[in-house]
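Residue numbers (my numbering), protein chains in the order written: chain A, 1 to 1011; chain B, 10001 to 10475.
The C-beta atom is built at its ideal place from N, Cα and C for all residues, glycine as well.
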Amino acid sequence: MKESKKHWKGIEEREQTTAYLETLESEFPEPPPRLDVEPGAEFPEAAVSRRSFLTAAGFSIAGSTLAGCSRGPLEKVIPLLNRPEEMIPGRAYWYSSTCRGCTAGCGIVTKNRDGRPIKIEGNPEHPLSRGGLCAVGQAMVLSLYDSQRLQDPMINGQPGNWADLDLAVTEGLEALSDGVFVLTGTVSSPSERARINQFLARFEGSEHIEYDPVSCSAILDAHQQTHGQRRLPHYRFDRARVIVSFDADFLGTWISPVEFTKGYSSGRTLEGESPQLSHHLQLEGRMSLTGSNADQRIKVSPDDLFAWLAALTRRLADRSGVDAPLAGPAAVEVDQDLLDQMVERLLDARGASLVVSGVNDFQNQLLVNFINHLLGNYGTTLDLDQPSFQANGNDRRIFELLGRMQAGEVKALLIAGVNPAYSLPYADQFTQALESIPITVAFAEQFDETARVVRYVCPLHHALEAWGEQELTSGVISLSQPVLAPLGRTRSLCQCLSSWMGNEPSDLERLRSHFREEVFPRQSKIGDFEEFWNQSVHDGYARVQPRSLAAAAFQLDALEPAAAATLDENSYALVLYEKISMRDGRHAHNPWLQELPDPVTKVVWDNYACIAPAVASRLKLQEGDRVRVTAGNTSLEFPVQIQPGQHEKVIAIALGYGRQGTDRFSKVGARWIQGKATVLEGETIGGNAFLYTARQGPNITFVNAVSLEPTGQRSPLALTQTHHTVTVPEKLGGAQRHMVRDTTLTAYREDPASGNHFEHEVLQLWDQDYVYTGHHWGMAIDLNRCTGCSACVVGCQAENNVPVVGKDEVYRRRDMHWIRIDRYYSGDDQDVETVHQPMMCNHCDHAPCEAVCPVLATVHNDEGINQQIYNRCVGTRYCANNCPYKVRRFNWFDYRTEDVRENLVLNPDITTRTRGVMEKCSLCIQRIQEAKYEAKREGREMVDGDIKIACQQSCPADAIVFGDMNDPESRITQAIDNPRHYRVLEEMNFRPSIGYLTKVRNKEDAGEGHG
Amino acid sequence: MSQVYSSLRKPLIGGHKSLGDVTDDVARPLERRATGLWWMAFLTALTVLGIGVIAVSYQIYTGIGTWGLNRTVGWGFDITNFVFWVGIGHAGTLISAILFVFRQRWRTSINRSAEAMTLFAVMCAGLFPLIHMGRPWLFFWIAPYPNFRGPLWVNFRSPLLWDFFAISTYFIISAVFWYIGLMPDMATLRDRTQSRFKKVIYGWMSFGWNGSTRTWVRYETTYMLLAAFATPLVLSVHSIVSMDFATAVIPGWHTTIFPPYFVAGAVFSGFAMVLTLMLIARKVLNYEEYITVDHIEKMCKVILATGGIVALAYSMEAFMAWYSVNHYERFVFLNRALGPYAWAYRIMVLCNVVLPQLLWFKRVRRNLIAVFIMSIVINIGMWFERFVIVVTSLHRDFLPSSWAMYSPTIIELATLAGSFGLFFTCFLLFARLLPFIAIGEVKAVLNYARPHPPSSDEKRVPTPPAGKGELALEG
């Protein structure tokens, strides 16, 4: 065979040289390149050299280290293809609603970011609250995210589900034909009331009982007697030129404090042609917020309060030529001069005066009605024809219910929104009687004292999760709309009742049908229901025709005054009062409110026995010493707080403390070697002063005779202010400082700048200092309007993510609030005058803090704002030391909360601060920026009022003005031009951007005051 | 140079020491094993330092909240201790630099150890501004250098920044000055030691010192120049530290008298600390003939003089408070003297003004026990002076609403103790490892006020290289 043709690639192959044959053996025709081998050097083939090993090892270690530095496992995110309606990330949406923090029902707007509410503000269009909102209202948004809110129904103390609960309750109810009772707080919603009545209609002799823990039932009872209708008048403080208040804390806690503060402050304006300044006289035993704002305050023990009322009644009747409705002679003499002055003032302002009493005593309220009737105030300052529905509680019926429970007549009891096991007088009797009732249901947000003792617990929606409506005063209907889907498996009361009645219309449908049938016909402005409904939901309220509810003519038979209890030397009159923050105890789970300094005592996280300085020196008690307060069988221990201006025979204790479950705050704040827990595990914050309440006649009384006994132990109170006057102690010179300035109306009429004459020659190093060519932000606070209510403190806290630090940290004077209310007394301990002064960063144009920071973490911007740059701060605290106003706040620890749900309340516009960083008021720079963008987007110049910063927005008294000092038309410029305007420490030439307007007291005498 | 002999002058060094004796006396403690006493002292100091380390670690881990400070009193023990230690750190360089420039030859017996004390005191001082920060891990942000943080720059208006420069400059100059002075002695030790290891170390530390005239000339020139550098620093450091307060607006801080007042106070307290240490050291190390009672007395006189300035400053503060008609200023003064911290003010006045007046009496100045007690008293008094300045000014400033009290926590007490632990640990190591007395310099003053120079052959003949140096100085 012929040899096949051979193809060759090269000469070597053809020749089959030895070298070629060798290369065929090896895998590679050439050895792999070796960088480190010198040409010609001898190395064993395929061996790894030391160098290349190190290279490879180094590379792989570095590589694996780098790989280990990645930012965690890859997680896929899925973008929304269809954006939910009304959801632009980063954009805030505002929904109007109604506050349910108390029964006043102020209008609110909630700020929603990315689907979650983060801030509540007052609704400026709301007819009653007119944009104001109190501290409690501001803090309601935090309760929404409370991780300990009830999530699921509970049956016999065990978590269950709705199906089981519904089945059990409906089966139980079907077996009943009578004896079903519904116990609620004030229900000011007609539709809710109707639903309860529908539910109860199936059962014979069943009743709906309304009960307010801190009751003003006597006012309604008294009007039933005198006007034939059980009604609460709508008080019009804005129309009153003379206000006489018998222990009614109407600026703090009484009925509708925000509305009253608005009215009160609008009657006390000094701007305009002629100064309008109502005269406010307060008679009280303890020092209330309202009393601290009074033009004249008369210390009266609760026992003598009736004597004063009686004396006033007699004198007025005398002057008016009618018979006083009082039998017998006066029991106690009162100061005739003061009485004369009071009578003159009241008679001068007939029809424009207002006498109110916060005492829940029938006879007391009868006399108040008589006085108001005599002065012709009904129809002007008290509206009984268009009454208020903000408090409906009936003390008589709750005691009747208790009687029926004990008699075994109650077969099913539904308790909604109130906590009688905690707040009722004789609560232990109530709890005992509850045990024998077959069906007990509590509707509650928290696992509270009542929820602990009933069979079935229905978790309620938070107010921001529910639909609702309230008729606050006749013709003013306030709407609530849910601003997020319920966080737990909760329901509203009406939803529960509906489902137990067998039909399940949603709350929205129920509300719409109520509106269509009941509300829509009462107005004629809008013809189309849908339009009316949408408008109402949008506005958060609807004004409709008031129902004509004419009251009967006044009539009052002569009273036989009950004998006043006489106190012996060792007993005191205990006055129980509501704190602005805790109210009747329903807000005890809200840390913002727990840490809100009381406007008068400046104490946080506790209740205490307020005693007069004279009592303290007699019993040798220091602030924080524990005393035992005993009334009958009730004996509790409290630390004492020494309260200037308090009556010597009075001990005042705040209600709302001692709530079960408040030991949840044992871990709040910092934990370290010498740190103390805010509350010990298993204990409660404060003591329950409701145990001292009692039944007196038909009413619950909040006054009791007690004895006081030092225990020798101490539990120091956490105060945010420990020196209470602007006068330095006498032995240290006794000099007056002029942080706060006040004057009298008489002096003011002569010289509007009276009390403000402190001209200082302030030298400038430069002729022309820095010129603010654009904006120059500034603020003015009218001390005459500020009542010290502290709404701004919580408003700021919510806006700026200010942390809660716990009792021990406050005790160590490390409170974090960016705005604080300085409260200064003047006068002696017996008779004090008070000034409240909000204090925050003054944004000095010559800021002492800026010069001393070594790392430029605090700098001035070209709009006059002193800015704190958190991530630049290294925490030397030099700025805080050098701050003359001591407004800088340092993060001593990491105060952030680990509660994920609670953190949902954080404002995403504001960074949270880590430990070791200084912080302070930023003048809500985020709001300024937002307003600027908005103006720019709309292609216009900014106008005065575009920016409302958080404290200003929340102020129910409109005391805070913010704006551009470079704008000659702005309200801030007008405020600066006001002769009352001054700046704190202006003689030091810090050039603060915050100013104050002097306080003017409506007093005749040209007193020295602070000026 | 030739000495002027006078029968009126007393020799600076007692006991008719020869040059060799000096070398022996100083080197001997370094060449024997540590004594039990030293070990006891060292372990005690180390334990206290350990407590301080634990306290500071805990504080840095947990937060500044572990100190007793609050929103009104932002500085307490931290800055008090800082100023206290900086003050202590004044005596050394003053003794070695200013007294050198002024030709105070008695300084030679104490300058080495006083300078060492200075360094350790400044180390203790420098610790406090570091750990007093809320975020101490970012301490380097106060150093101006091109960076990637923006770049962000420092605030040259801030006295804290001036502090940073002043303290670091002072520390560096003091350390260099001290080390330069150590070099001839290192050579001496190198030449004496039998251990090969030590020879290498000492040789390295002596920078190849060969004792030649040229070496000595360069050494002397450098030493003189550094002394001239260090002299203004002695005055500037505490002046700048005082500006932390003087440039602030807080009444009680905002005082123009502060710079000279602080410098005088620093020298006052620094000399007190030197006395405390020297009185122990001369006894324990048997240096009674080097650090004589005359030395002690001279230092007492410095204390008396600077104490007088301090007393004058106190009274000027009081006078100015009254004379200024500034009611904030008046209040601060009255509050110090009669307010809640009056006890601290009284301790301060008693320890710094009243008791030091005893030093007018020669018998007290020459009574070592009395001087020792006095030095402790002054140290306590000067610590309280800083406490009074820092805390009583802050705790009640302009707005009465913010008035607050301050009390230290155990962490702060442990940190203060720890700083003493650090100081004594370092000082004991120094006494053990380095020549406590400047051999070369003491030899230079050995002839002072002696009718006949001591013959070098009385005892042992010094080793040649070191001897050369001695000869050069003897000249």
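Taking only three categories from DSSP, how would you classify residue i?
i         : result
V728(A)   : coil
S826(A)   : strand
F181(A)   : strand
Q713(A)   : strand
S10401(B) : helix
D295(A)   : coil
M501(A)   : coil
L10152(B) : coil
P420(A)   : helix
T897(A)   : coil
S506(A)   : coil
P10464(B) : Low confidence applies here, because P10464(B) scores a pLDDT of 43, under 50, leaving its location unreliable; read the following figure in that light. In this structure, P10464(B) counts as helix in the three-state DSSP scheme.
State the CB to CB distance for the pair residue i and residue j, rounded to an integer number of angstroms; the pair is presumed to be in contact (CB under 8 Å).
i         : j         : result
I10296(B) : L10368(B) : 7 Å
H1016(A)  : V242(A)   : An answer regarding residue 1016(A) cannot be provided, because it is not within the stretch 1 to 1011 covered by chain A.
F665(A)   : Q594(A)   : 7 Å
Q660(A)   : C610(A)   : Wrong, their Cβ atoms sit about 24 Å apart, outside the cutoff.
L574(A)   : A631(A)   : 6 Å
G160(A)   : D152(A)   : 7 Å
Which bits of chain B does residue i rub up against, with CB to CB less than 8 Å?
i       : result
R814(A) : G10065, N10070, R10071
Output, in chain order, the set of chain B residues within a Cβ distance shorter than 7 Å of residue i.
i        : result
R872(A)  : L10152
M1070(A) : Past the edges of chain A, shown from 1 to 1011, lies residue 1070(A), and the structure says nothing about it.
Taking Cβ-Cβ distances shorter than 9 Å, what residues in chain B pair up with residue i?
i        : result
M988(A)  : V10249, Y10328, F10398
T1044(A) : The structure shown does not extend to residue 1044(A), since chain A is modelled only from 1 to 1011, so the question has no answer here.
D822(A)  : L10399, P10400, S10401, S10402
Figure out for me which residue from the options has the closest Cα to the Cα of residue i.
i         : options                                    : result
T170(A)   : C99(A), R286(A), T440(A), M779(A)          : T440(A)
V874(A)   : T914(A), L904(A), E902(A)                  : T914(A)
Y895(A)   : K807(A), E15(A), V852(A)                   : K807(A)
E517(A)   : H647(A), G632(A), A194(A), G795(A)         : A194(A)
S536(A)   : P127(A), D967(A), P89(A)                   : P127(A)
P561(A)   : R812(A), E930(A), N364(A), H723(A)         : N364(A)
T911(A)   : A959(A), A798(A), T261(A)                  : A798(A)
H373(A)   : Q336(A), W254(A), L200(A), F554(A)         : F554(A)
C796(A)   : T103(A), P838(A), P716(A), M287(A)         : P838(A)
V805(A)   : P597(A), C216(A), G172(A)                  : P597(A)
F10245(B) : T10080(B), T10035(B), K10010(B), F10177(B) : T10080(B)
Which chain A residues sit within Cβ distance under 8 Å of residue i?
i         : result
F10331(B) : V728, L732, G733, A735
A10404(B) : T722, R813
L10334(B) : K731, L732, G733
L10394(B) : N881
L10416(B) : Here the premise fails: no neighbours, minimum Cβ distance about 16 Å.
Along chain A, in chain order, which residues have C-beta atoms closer than 7 Å to that of residue i?
i         : result
W10141(B) : V855, V874
Mind checking the region 876–894 of chain A against chain B and listing, in chain order, the residues whose C-beta falls within less than 8 Å of any C-beta there?
T876, R877, Y878, A880, N881, N882, P884, Y885, K886, R888, R889, F890, N891, W892, F893, D894
Against chain B, which members of the region 905–933 of chain A pass a CB distance test of less than 7 Å?
R915, G916, V917
By the 8 Å beta-carbon criterion, what residues does the region 975–999 of chain A contribute toward chain B?
V984, L985, M988, F990
Pull out every residue of the region 668–694 of chain A whose Cβ sits closer than 7 Å to any Cβ of chain B, in chain order.
A670, W672, I673, Q674
Which of the residues in the region 834–851 of chain A, read from start to end, lie with their CB under 9 Å from any CB of chain B?
Those residues of the region 834–851 of chain A placed with their C-beta closer than 9 Å to a C-beta in chain B are Q837, M839, P848, E850, A851, ordered along the chain.
Pull out every residue of the region 10118–10135 of chain B whose Cβ sits closer than 9 Å to any Cβ of chain A, in chain order.
Answer in chain order: P10129, H10132, M10133, G10134, R10135.
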